[in-house]
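Q: Using the working numbering, the letters of the sequence shown map in sequence onto residues 23 to 296. Virtual Cβ for every residue (Gly too), placed ideally from N, Cα, C.
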Amino acid sequence: MQTNLNTFCFSLALIIGLSGCNSSGSVSPEEQADKSTSSSLPKLSDYDANLPIPNNQQVADFKVLFFGNSHIGGIPNKIKAMVETTMPDKTIEVETAPGNDYLAERIRDSRSVNLLRNESWSHLILQAQKYSQSGAIDYPTTAAQTWIRMAKHHNVTPILFPEHPQAGNITEGQRVHDIHESIALNEASCVSPVGLAWDKAISLDPSLKYHSGDGNHAATTGTVLTSLVLFQVITGYSADLVPHIESLNVSEQTQQFLGQIAAQTIAENNVCEY
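(1) With DSSP collapsed to three states, give me the class of F183.
(2) Please state the DSSP three-state secondary structure of Q277.
(3) Based on the DSSP secondary-structure assignment, which residues constitute the bridge partners of K85?
(4) For V251, which three-state DSSP category applies?
(5) Whole angstroms is fine: what's the gap from T287's alpha carbon to A189's?
(6) Measuring straight from C-alpha to C-alpha, what distance separates S273 and H266?
(7) Is the beta carbon of H297 less than 8 angstroms from the beta carbon of G244?
(8) Answer with buried or exposed for R128, where buried requires no fewer than 16 other C-beta atoms within 10 angstroms of its C-beta.
(9) Give me the residue from V105, S234, A206 and Q196 with the minimum Cα distance to G157.
(10) Does the distance from the C-beta atom of L63 to that of R171 stay below 8 angstroms?
(11) Looking at V116 and F89, is the spacing between their C-beta atoms short of 8 angstroms?
(12) For P215, which residues from the same chain have a beta carbon less than 7 angstroms from its beta carbon, with the 5 sequence-adjacent residues on both sides left out?
(13) Out of N99, A166 and E106, which one is the CA nearest neighbour of A210?
(14) Closer than 6 angstroms by C-beta to G217: which residues in its own chain qualify, once you throw out the five before and the five after it? Chain order, please.
(15) Hey, would you say Q149 sits closer than 8 angstroms to T257, going by beta carbons?
(16) What separation, rounded to the nearest whole angstrom, lies between the Cα atoms of D221 and S92?
(17) I believe H145 touches V213 by the beta-carbon criterion, under 8 angstroms. Please report the beta-carbon distance rounded to the nearest angstrom.
(18) Residues in its own chain within less than 7 angstroms of Y153 by CB, not counting five upstream and five downstream?
(19) Determine the extent of the beta strand (DSSP E) in which H145 is found, giving its start and end residues.
(20) Return helix, strand or coil for H202, following the three-state DSSP convention.
(21) If I'm right that T108 touches V264 with Cβ under 8 angstroms, what's the distance once you round it to whole angstroms?
(22) Per DSSP, A240 is paired with what?
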C-alpha cells in the first residue's frame, strides 16, 4: 500500500509540474499581439546611417505626410492650394498623422509608423522635436534621427520643421533652428528655415499680426509665411512667384512680402544638400 501511494504521489507531482511549466510558458493572443507590436517599432540601428536625401522636388505627384502637433494646423491645406495654383501640371495629396505627439512619443505609435511604412510618400514633414524654451535642457534627438533614416529608407524626402519663435522672443527662432541643424548634421535631412523667416519678417514689418492671441501659435499671416517656406522646400519652386491666392486670407501685398521673405531666407541657408 505504501509503494502504491508513493507511486500515485509521484505521478500526481509530475502532472502538476508539467502543467505548471506549460502554464507559465503560454502567451495569450493579446499578449502576443502587444509583443509583436512592440518589437516592430523602429530603432535607429534598424536603418542605414546617412543615406543621401532623396530629391523628390520633380515628382509628378506630391504626397506629403505631416507629423506634428497644433503648430501644423492649417498648413497642409495651404501648401496644397499653393501647389494646385502654381503648378497645375502636378497633383498633391496631404495627410496629417493622428495625434499631437512629440517625435519621441510618436516613434512608439504604431499607427504613425505603419502610415510611413505602408504608403508611398514623396515628403515627410517632421515637427514637434521637444526643446527647452529656456535653453537649459538638451532633449534627445534620437527619435527625429530615426524618422529621418526610416523616411530615406523608403525614398521619402525628410524635412525638419523648426517651430517659429514665440511673440517677443528674439532669440528662440535661431536657437530652435540650430537644434534642427544639429539633427541634420548627425543624420542628413532638409531643414526648413521657418523660425529664421519669421525673424526676418518681424524685423522688416512688425505691424503684421504673425501670432495668435496666445503669443505661441500662428495667426493667419504667420501660417501663410510658414506654408510658403515649406512649399518652396518641398517643390523647389520659388515662394515669391506664387500668385495671389484669395483662399489664403491675406492681401496680395502681404502675400508678396511673405513670399519674398521665404525665398530670401531659403537662399541664405543650406536647406537641402541633395
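A: According to the structure data:
(1) F183 falls in the coil class under three-state DSSP.
(2) The answer is helix: DSSP assigns Q277 an H, G or I state.
(3) According to DSSP, K85 bridges with E115.
(4) Helix.
(5) Their Cα atoms are separated by approximately 20 angstroms.
(6) Here the alpha carbons of H266 and S273 stand approximately 8 angstroms from one another.
(7) With the chain running from 23 to 296 in the structure shown, residue 297 is simply not present.
(8) Buried, by the Cβ-count rule.
(9) With distances taken between Cα atoms, G157 lies closest to Q196.
(10) Taking 8 angstroms as the Cβ cut-off, L63 and R171 do not qualify as a contacting pair.
(11) Result no, Cβ atoms of F89 and V116 do not sit closer than 8 angstroms.
(12) The residues are H199, V251, T287, I288, N291 and V293.
(13) Measuring from the Cα of A210, the nearest candidate turns out to be A166.
(14) Same-chain partners within the cutoff: P184, H186, P187, G195, V198 and H199.
(15) Here Q149 is not near T257, since their CB atoms are 8 angstroms or more apart.
(16) About 20 angstroms.
(17) About 14 angstroms separates the two Cβ atoms, so there is no contact after all.
(18) Result list for Y153: Y161, V198 and I201, in chain order.
(19) For H145, the uninterrupted beta strand (DSSP E) segment begins and ends at H145 to L148.
(20) If DSSP states are grouped into helix, strand and coil, H202 belongs with the helices.
(21) Going by Cβ atoms, the distance from T108 to V264 rounds to 5 angstroms, so yes, they are a contact pair.
(22) DSSP lists H233 as partners of A240.
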